[in-house]
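Chains A and B are the protein sequences, given in the same order.
Position one of the first sequence corresponds to residue 1 (full-length UniProt numbering), numbered consecutively onward.
Position one of the second sequence corresponds to residue 1 (full-length UniProt numbering), numbered consecutively onward.
Ideal placement from N, C-alpha and C gives every residue a C-beta, glycine not left out.
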Amino acid sequence: MVVKVYGPAYASPKRVIVCLIEKQIEFETAPVDLIKGEHRNPEYLKLQPFGALPVIQDGDFTLYESRAIIRYYAEKYRSQGTELLGKTIEERGLVEQWLEVEAHNYHPPIYEMTVQLLFASKLGLSVDEKLVKKSEEKLGKVLDVYEERLSKSNYLAGDFFSLADLSHLPFTQYLVGPMEKEYMIRDRKHVSAWWDDISNRPSWKKVLELY
Amino acid sequence: MATPVKVYGPPLSTAVCRVVACLLEKDVEFQLISLNMAKGDHKKPDFLKIQPFGQVPAFQDEKISLFESRAICRYVCENYPEKGNKGLFGTNPLAKASIDQWLEAEGQSFNPPSSALVFQLALAPRMNIKQDEGVIKQNEEKLAKVLDVYEKRLGESRFLAGDEFSLADLSHLPNAHYLVNATDRGEILTSRDNVGRWWGEISNRDSWKKVVDMQKQQHSP
């Protein structure tokens, strides 16, 4: 039985896919077209009642929220692939801490920028420049804290790659790529080195190659 | 006897209460070290050392210093599996996955609009900040859509992640409490049959009643 991941064209599903590749877990994907509104189809809403991406199916088991999915698989397949949760309860605590930082401090502003700069025009809406500027400033302040943190340790939770770093890959890829805001990463020496390291992992390169 | 763990932050903070409720459920002794945010305690260098974003709460035990309330709750559950409510974070991987799913739903879908409403309706007036009717309307609509999903779920399941009270339900207590008790928009929760029934159950837990008492003591002279 193979894990099925819905919506691979988009960022949050890629958070799940890169984790499955790191953990050497076989998977397949099913497309969902947001522009066509397929996430609001009744069949999709049966799987993910909030109409968000991704959702996974693993036999009879259905799970949504990408950060819940990656925690589940990182723990279930602890003994294979890359260790993504640290080695001790304390290291796991730090992984959880920085995963929450990504979810609540990093994600909101970068998500606003994504919607405005990459999706607004596709949805026939005008770009809210004020919101973009405000979000960029907020994100900059978060990156300043990351710069300080990453001057003391190679990765966010410590000197080991973890779910916390992995969780940043998809939307940061949008930031340095199609959003053309690479300067936000490059202007910060330690964030820049960290980004080069994590984005050059074979797992992430595979995701970009496939989707 | 183990040293009590330390929680830093004001008892009126929703995120601080999330952690305190969890510690009470898990029967883990703690010391609450309050901060005066009006005086900017949370932006002072000593505090920024343990919480570099200048947010509350922060947490310390003998082994570790942590921040982010939901991370602290997860750590407490993992570090004290045999204490208090043993099923708070599930007793098997599938149960835990469901709890994580609803914890994420709380964090990503319930928290943003409910926090905005709590700020606009309960806190802004106290801080002499003008309310933004546009923001209120937008977040009411957002929250209503989220609660429609909850209404359906809670018609099929006693609690969000399954038949037992879990960290996922607990995580909703602080914002929901303010909405129901400190704003005039509480009916957004209480007027929905299943959400109302669920709110009644979770807010009546001993642990939550203790948190509410602790908040009231903050106000007494």
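Tell me, please, whether the segment 110-129 of chain B touches the segment 141-148 of chain B by the rule of three or more beta-carbon pairs shorter than 8 Å.
yes
Are B/L117 and B/N85 touching if we call contact CB-CB under 8 Å?
Taking the second sequence and counting its residues from 1, the one referred to as residue 117 of chain B is at position 117. Taking the second sequence and counting its residues from 1, the one referred to as residue 85 of chain B is at position 85. Taking 8 Å as the Cβ cut-off, B/L117 and B/N85 do not qualify as a contacting pair.
Expressed to the nearest angstrom, what Euclidean distance is found between the alpha-carbon atoms of residue 235 of chain B and A/V132?
With chain B covering only 1 through 221, there is no way to say anything about residue 235 of chain B.
Could you tell me whether the segment 31-45 of chain B touches the segment 67-75 of chain B, where touching means 3 or more Cβ pairs closer than 8 Å?
The segment 31-45 of chain B vs the segment 67-75 of chain B: no contact.
I need the DSSP call for A/I198, collapsed to helix, strand or coil.
The residue labelled residue 198 of chain A in the question sits at position 198 within the first sequence. Reduced to three states, the DSSP call for A/I198 is helix.
Under the three-state DSSP convention, the category A/A52 falls into:
For this step, residue 52 of chain A is matched to residue 52 along the first sequence. If DSSP states are grouped into helix, strand and coil, A/A52 belongs with coil.
Which chain A residues sit within Cβ distance under 7 Å of B/R74?
To locate residue 74 of chain B, count along the second sequence from 1; it is residue 74. Going along chain A in sequence order, the residues near B/R74 (Cβ under 7 Å) are E96.
Our contact map puts A/L169 next to A/V18 with C-beta atoms below 8 Å; I'd like the distance itself, whole angstroms only.
Within the first sequence, residue 169 of chain A is the residue found at index 169, counting from 1. Within the first sequence, residue 18 of chain A is the residue found at index 18, counting from 1. Contact flag correct, Cβ pair sits at about 6 Å.
Contiguous alpha helix (DSSP H) assignments of at least 4 residues, all confined to the segment 103-181 of chain A:
Every alpha helix (DSSP H) stretch that sits fully inside the segment 103-181 of chain A and reaches 4 residues is listed by chain position as 107-114, 129-150, 163-166, 169-176.
Could you check whether the segment 97-105 of chain A touches the segment 150-167 of chain A, counting it as contact only if at least three pairs of C-beta atoms, one from each stretch, sit closer than 8 Å?
Contact holds: three or more Cβ-Cβ distances are below 8 Å.
Give the interface partners of A/A68 over in chain B, defined as CB-CB distance under 9 Å, in chain order.
Here the question's residue 68 of chain A lines up with position 68 in the first sequence. What A/A68 touches in chain B: A97, S98, I99, D100, Q101, W102, L103, E104, A105.
Alpha carbon to alpha carbon, how far is B/R18 from B/S171?
As a first step, residue 18 of chain B must be located in the second sequence, where it is residue number 18. As a first step, residue 171 of chain B must be located in the second sequence, where it is residue number 171. Going from the Cα of B/R18 to the Cα of B/S171 covers about 6 Å.
Cβ contact (3+ pairs, closer than 8 Å) linking the segment 171-183 of chain B and the segment 195-208 of chain B:
yes
Proximal residues of chain A, C-beta to C-beta of B/Q51 below 7 Å
Numbered from its first residue, the second sequence carries residue 51 of chain B at position 51. The contacting residues do not exist; B/Q51 stays about 10 Å from chain A at best.
Is it right to say A/V3 is buried, meaning 16 or more other beta carbons lie within 10 angstroms of its own, or is it exposed?
As a first step, residue 3 of chain A is located in the first sequence; it is residue number 3 there, counting from the start. Under this definition A/V3 is a buried residue.
Nearest to B/D27 (by Cα), restricted to the options B/S98, B/G87, B/Y150
Here residue 27 of chain B refers to the residue found at position 27 of the second sequence. For B/D27, the closest C-alpha among the options B/S98, B/G87, B/Y150 is that of B/G87.
For residue 215 of chain A, which residues in chain B fall below 8 Å Cβ to Cβ?
No answer is possible for residue 215 of chain A: it lies beyond the span of chain A, which begins at 1 and ends at 211.
Proximity below 8 Å, CB of B/G107 to CB of B/P57:
Numbered from 1 along the second sequence, position 107 holds the residue referred to as residue 107 of chain B. Numbered from 1 along the second sequence, position 57 holds the residue referred to as residue 57 of chain B. No, Cβ-Cβ distance for B/G107 and B/P57 is not below 8 Å.
Assign A/D58 to one of three DSSP states: helix, strand, or coil.
Looking up residue 58 of chain A in the first sequence gives position 58. Three-state result, A/D58: strand.
For A/L99, is the beta carbon positioned less than 7 Å from some heavy atom of the ligand FAD?
The model depicted lacks the ligand FAD and carries no ligand whatsoever.
Within-8 Å CB hit, A/A103 to chain B
In the first sequence, the residue the question calls residue 103 of chain A occupies position 103. With 8 Å as the cut-off, A/A103 counts as an interface residue toward chain B.
Among all the DSSP beta bridges, which residues are the ones paired with B/Y8?
For the purposes of this step, residue 8 of chain B is identified with residue 8 of the second sequence, where counting begins at 1. Bridge partners of B/Y8: B/I33, B/A58.
With a cut-off of 8 Å, does the C-beta of A/V115 fall near any C-beta of chain B?
As a position in the first sequence, residue 115 of chain A is number 115, starting the count at 1. Answer no: the Cβ-Cβ gap between A/V115 and chain B never drops below 8 Å.
Out of A/K205, A/V55, A/H107, which one is the CA nearest neighbour of A/L175?
As a position in the first sequence, residue 175 of chain A is number 175, starting the count at 1. Ranking A/K205, A/V55, A/H107 by CA distance to the CA of A/L175 puts A/H107 first.
Close beta carbons around B/K43, own chain, < 8 Å, minus the five adjacent residues each side:
Position 43 of the second sequence, counted from the first residue, corresponds to residue 43 of chain B. The residues are G54.
Nearest to A/Q173 (by Cα), restricted to the options A/S199, A/E75, A/L123, A/P8:
Working through the first sequence from its first residue, we reach residue 173 of chain A at position 173. When each option's Cα is compared against that of A/Q173, the closest is A/S199.
Thinking A/E90 and B/I64 are a contact (beta carbons under 8 Å), I'd like their distance in whole angstroms, please.
Within the first sequence, numbered from 1, the residue matching residue 90 of chain A stands at position 90. Within the second sequence, numbered from 1, the residue matching residue 64 of chain B stands at position 64. Right, the Cβ-Cβ distance comes to about 5 Å (below 8 Å), so this counts as a contact.
Against chain A, with Cβ distances strictly below 8 Å, would B/Q31 count as a contact?
In the second sequence, residue 31 of chain B corresponds to position 31, counting from 1. With 8 Å as the cut-off, B/Q31 does not count as an interface residue toward chain A.
Report all residues from its chain with a CB closer than 6 Å to the CB of A/M1; omit the five preceding and five following residues, and keep chain order.
As a first step, residue 1 of chain A is located in the first sequence; it is residue number 1 there, counting from the start. Cβ neighbours of A/M1 beyond the five flanking positions: G59.
Between A/S79, A/M113, A/G81, which has its C-alpha nearest A/L139's C-alpha?
Here residue 139 of chain A is taken as the residue at index 139 of the first sequence, counted from 1. The alpha carbon of A/L139 has as its nearest neighbour, out of A/S79, A/M113, A/G81, the alpha carbon of A/M113.
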